[in-house]
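**Student:** Residue 531 in this note's numbering sits at position 17 of the sequence shown; the count goes up by one each step and never skips.
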Amino acid sequence: MTMALLFISKRTYLVLFTYVIFLGHLCNGFYLPGSYMRTYSTGQEIFAKVNSLTSIETELPFSYYSLPYCTPSGGVKKSAENLGELLMGDQIDNSPYRFRMNINESVFLCTMHTLKEHEVKLLKQRTHDLYQVNMILDNLPAMRFANQNGVKIQWTGFPVGFTPPGSKDDYIINHVKFRVFVHEYEGTGVQIIGTGEEGMGVISTSDDKKKSAGYEIVGFEVFPCSVKYDPDKMAKLHQYDQVESLNCPLELEKSQVIREQEKISFTYEVEFVKSNVRWPSRWDAYLKMEGARVHWFSILNSLMVIFFLAGIVFVIFLRTVRRDLTRYEELDKESQAQMNEELSGWKLVVGDVFREPNHSKLLCVMVGDGVQITGMTVVTILFAAFGFMSPASRGMLLTGMIILYLFLGTGAGFAGVYLWRTIKGTSEGWKSVSWSIAFFFPGIVFVILTILNFILWGSNSTGAIPISLYFILLSLLFCISVPLTLLGGYLGTRADPVQFPVRTNQIAREIPAQKYPSWLLVIGAGTLPFGTLFIELFFILSSIWLGRFYYVFGFLLVVLMLLVVVCAEVSVVLTYMHLCVEDWQWWWKAFYASGSVSLYVLLYSIKYLVFDLQSLSGPVSAVLYLGYSLIVAIAIMLSTGTIGFITSFYFVHYLFSSVKID
C-alpha cells in the first residue's frame, strides 16, 4: 500500500485513509455467535453444533447429515453464516447432542433404521477417505489427541469410522466421550438469567454473589470409539435416557461394523472438568505456535537477501550513478557537448527510456489491480496481527479481505488512470481503463471459481458456492467496487501527472543484440523474493490443506515487509542492468522482475501437492488444489509486480531527471 501511495495526491490519500478507518470499525464490528463470553449456570442446557465433514484426502466438504446420523427432534436448522464461511464450504447445523452444565452423564441418542446398500457404501467411502466429524460447543471446535509414531498429535474433530490394519471390515464411530473444561466465573452482583442463540444474556442486579456465579466453557475434547449394542435392548430407550458408561477402546468383536441390515445405535458421555484456564485464553490450546525457530530462520534468511541486494543498490546509486552525474555536472557546456558524443550505457537511451511500452493499457490495468490487492493484503494482515480477526469468528478473515478489496477500488482506479495519463499525456480513454481495472482480476477469479464450482456441484459437496451467493458477490462488485473504481479513475484524471524529465525521440533506438535473452534474467530474479517467503508459505499451505490453525500473523507481517523491500530492490537492480545494455524497454521487465515470484509460488504449490500432500487422492481434489493455487499465484504476481514497477518507475525518473541532454 505504501508503494501505491506514491501515485496518490494528498486529497485522494485523505479519501483512502477515511475508507481504511471506516473499514477498521466495520471489521471490528463483525459478530458471530460465540465470539463473546457466555456464562452458564449449573444444569443449564447447551446444544453442540456440527460443521461440514472434512478430509485432508479429498478437500471436498460434505454436510454432516449426508450420512445416517441422528437428527434433532425439532429438525435440522442452519446457523447464521457469514460470507467467508459460505465461501470456505462451512455448513454449521444444530445437533441433538445436549450438554447440561456440570452434570456428568452417559446418554442414549437414537437408533437408526436398518442400513441400506447406498448408506453402507457412503459410510465406507467416507471412512476410507478419512473424513472427520467437526463438532462445536460454545464456538469451540472439538479437539482430539492421537499418537502417531510415538508423537502426540492434536486434531480437531473425530473420524467417521476406522479400518483396522489387516481387516476387510470398516467400523463406525457411534459412541463419543466428551470432556468439557469449565472455569468458574465469579460475577460482581450480576445474575445471568439466560443466554439466547446470539449470546445476548438477560441480566439483573443482585447482592448475592452466589447467584451471580456461573461457568465458562474453556475447553472441549473428544474421545471417539465404536460400540456394538443389542438393537432389541436399545429399541426400548428414548432420547436422552441414561445408559451404562463405557471404557474405550474396545475389542473389535464389541465394535459396530458397517454393513447392510445393521441397526446402529448412537450414544455419548459427558464429563465436566474444572480448569484454571480463563475464557480469554481458551483458544491458546488451538493456536500453539509450533516451529517458532523455523519462522525466525525464515526472517533471518530474508534479511540476508535484503542486505545483499541493498549492497548492490548502494553501489549503483553512490558509486556508479552518482559519480557519473557529479562528473557530468562539473563540466562546462563545451565539454558536456563533447561528452554527449561519447556517451555509453544507460545514458544512450535517454531519448527512448520513457517511450510508451507495448500494451500500455494492460500494464495500467495490472498495476491498478496490484494496488488493490496489495492494499487489501497489508490492511488484512495488520488487523490480524493486532488480533482484530480472531479464529473464534470463523470466516471473518476471508470476509474482511473481500470487503477491503471492494472498498479499495478507489485506489486501484486512481493508480491505473494516473499511470495511463502519465504514459499517454492525456485523459482520453480513462473510463475504459477504469472498467477494465474493475473486472480484470475479479473476472479471472470468477472464471476459475465457476469451473471449480461445477466440479463441486457434481460431487454434491457443501464447498460448492450457492447460486444465491454468486448473485451476492456480483451485487457487491457492481454496487461497491465498480463505482469506487470509477471514482478513483475520475480523481486520477484530476491529479497532475508525472512529467518526464527528458523528451522522447520520434524514431525509436534499435536495441543491441543481447548475449542472453532478457526474459531469462527476469524469471531468475523471482528466486530472490521467493527466498524470503518460501518457509512461511509451507506453514500457510499446511494450515489451509491439512486443517491446521494458522495464527502467527506477526511473523507473516514481518515477512510481508521484507518481501516488499526485496521486490523493490530486485526490480531496481534489474532495471538498471537492462538500461546499461541499452535496453530501453524496461516497463514490463520491471513489473515481471518482482512479479515472477508468483511462478515459483505456483511451482512450490505443485511440489507441495506431489511430495507433502500425498494423502490427497483423486483427480477432483488435485484440480481443486491447482485451481485455488492458480488464483493465489495470479494475485501475488499482480501485487509484487506492482511494487517492483512503481519503485523502478521512480528510480528511472530520478536517474534521468539529473541528465541534461537535449
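Quick reminder that beta carbons are idealized off the backbone N, C-alpha and C, glycines included.
The model shown is predicted, which means the values in this text are computed figures rather than measured ones.
Which one or two residues does DSSP pair with Thr625 in a beta bridge?
**Tutor:** Ser779
**Student:** Just list the residues that DSSP pairs Met657 with in beta bridges.
**Tutor:** Thr670 and Glu735
**Student:** Using the three-state DSSP reduction, which class does Gln756 fall into: helix, strand or coil?
**Tutor:** strand
**Student:** For the alpha helix (DSSP H) containing Met1091, name the first residue and the last one.
**Tutor:** Phe1067 to Cys1094
**Student:** How close, in whole Å, do the beta carbons of Ser1153 and Thr891 come, if the pair is a contact with beta carbons under 8 angstroms?
**Tutor:** 6 angstroms
**Student:** Report the rounded CA-to-CA distance for Glu735 versus Tyr645, giving the unit in angstroms.
**Tutor:** 18 angstroms
**Student:** Using beta-carbon positions only, say whether Glu774 and Leu998 come within less than 8 angstroms of one another.
**Tutor:** no
**Student:** How big is the Cα-Cα spacing for Leu1070 and Phe1048?
**Tutor:** 12 angstroms
**Student:** With respect to the alpha helix (DSSP H) encompassing Met649, which residues constitute its N-terminal and C-terminal limits?
**Tutor:** Not the alpha helix (DSSP H): Met649 falls in the beta strand (DSSP E), residues Met649 to Leu651.
**Student:** Tell me the rounded alpha-carbon separation between Gln770 and Ile778.
**Tutor:** 7 angstroms
**Student:** How is the alpha helix (DSSP H) around Ile1049 delimited, first residue to last?
**Tutor:** Thr1041 to Trp1059
**Student:** Apart from the five residues on each side of it in sequence, which residues of its chain come closer than 8 angstroms, Cβ to Cβ, to Asp684?
**Tutor:** Close CB contacts of Asp684 within its chain, under the 8 angstroms cut and outside five residues either way in sequence, are with Leu637, Lys638, Thr641, His642, Gly675, Phe676, Thr677, Val771 and Ile772 (chain order).
**Student:** Determine the DSSP secondary structure at Ser975, reduced to helix, strand or coil.
**Tutor:** coil
**Student:** Would Ile1145 pass as a contact of Ile962 if the rule is Cβ separation under 8 angstroms?
**Tutor:** yes
**Student:** For Gly557, which of helix, strand or coil comes out of DSSP?
**Tutor:** Coil.
**Student:** In angstroms with no decimal places, state the Cα-to-Cα distance between Ala749 and Ser609.
**Tutor:** 21 angstroms
**Student:** Who pairs with Glu698 in a beta bridge, going by DSSP?
**Tutor:** Tyr729
**Student:** Can you look up Glu573 in the DSSP assignment and give me helix, strand or coil?
**Tutor:** coil
**Student:** Mind pulling the alpha helix (DSSP H) runs of 4 or more residues that sit fully within the region 941-1017?
**Tutor:** For secondary structure counted as the alpha helix (DSSP H) over 4 or more consecutive residues, the region 941-1017 holds these complete runs in sequence order: 944-972, 981-990 and 996-1008.
**Student:** Report yes if the C-beta distance between Trp944 and Gly882 is below 8 angstroms; otherwise report no.
**Tutor:** no
**Student:** Rounded to whole angstroms, how far is the Cβ of Leu601 from the Cβ of Leu912, which I believe are closer than 8 angstroms?
**Tutor:** 6 angstroms
**Student:** With distances taken Cα to Cα, identify the nearest neighbour of Asn596 among Ile606, Val1066, Gly557 and Trp797.
**Tutor:** Ile606
**Student:** Assuming Thr1161 contacts Val1086 under a Cβ cut-off of 8 angstroms, what Cβ separation, rounded to an integer in Å, is found between them?
**Tutor:** About 6 angstroms; that satisfies the 8 angstroms criterion.
**Student:** Determine the extent of the beta strand (DSSP E) in which Pro745 is found, giving its start and end residues.
**Tutor:** Segment Pro745 to Met748 is the alpha helix (DSSP H) holding Pro745; no beta strand (DSSP E) there.
**Student:** What does the Cβ neighbour count give for Gly901, buried or exposed, with the cut at 16 atoms within 10 Å?
**Tutor:** exposed
**Student:** Are Glu730 and Thr553 touching if we call contact CB-CB under 8 angstroms?
**Tutor:** The beta carbons of Glu730 and Thr553 sit closer together than 8 angstroms.
**Student:** What is the rounded straight-line gap between the Cα of Tyr1168 and the Cα of Val564?
**Tutor:** 60 angstroms
**Student:** Whole-angstrom Cβ separation of Ala1107 and Val1036, contact assumed at under 8 angstroms?
**Tutor:** 5 angstroms
**Student:** Can at least three beta-carbon pairs, one atom from the region 785-801 and one from the region 688-702, be found at a separation below 8 angstroms?
**Tutor:** Three or more beta-carbon pairs separated by less than 8 angstroms link the region 785-801 to the region 688-702, which places the two stretches in contact.
**Student:** According to the neighbour-count rule (16 or more other Cβ atoms, all chains shown, within 10 Å of its Cβ), is Asn790 buried or exposed?
**Tutor:** exposed
**Student:** Starting from Pro610 and walking both ways along the alpha helix (DSSP H), at which residues does that stretch end?
**Tutor:** Note, Pro610: premise wrong, no alpha helix (DSSP H); beta strand (DSSP E) at Asp607 to Arg614.
**Student:** For Ile826 and Val1012, I'd like the C-alpha separation in whole angstroms.
**Tutor:** Near 27 angstroms, if we compare the C-alpha coordinates of Val1012 and Ile826.
**Student:** Classify Gln646 as helix, strand or coil using the three-state DSSP reduction.
**Tutor:** In the structure shown, Gln646 sits in a strand (DSSP, three-state: E or B).
**Student:** If distances are taken between C-alpha atoms only, which option among Ser566, Pro582 and Val947 comes closest to His1189?
**Tutor:** It is not possible to answer for residue 1189, since the shown part of the chain is limited to 515 through 1176.
**Student:** Just to confirm, is the Cβ distance from Cys624 to Gln756 under 8 angstroms?
**Tutor:** no
**Student:** Taking 7 angstroms as the cut-off, does the CB of Thr585 come closer than this to any heavy atom belonging to the ligand SAH?
**Tutor:** Summarising the ligand content, the structure contains no ligands, and the ligand SAH is consequently not present.
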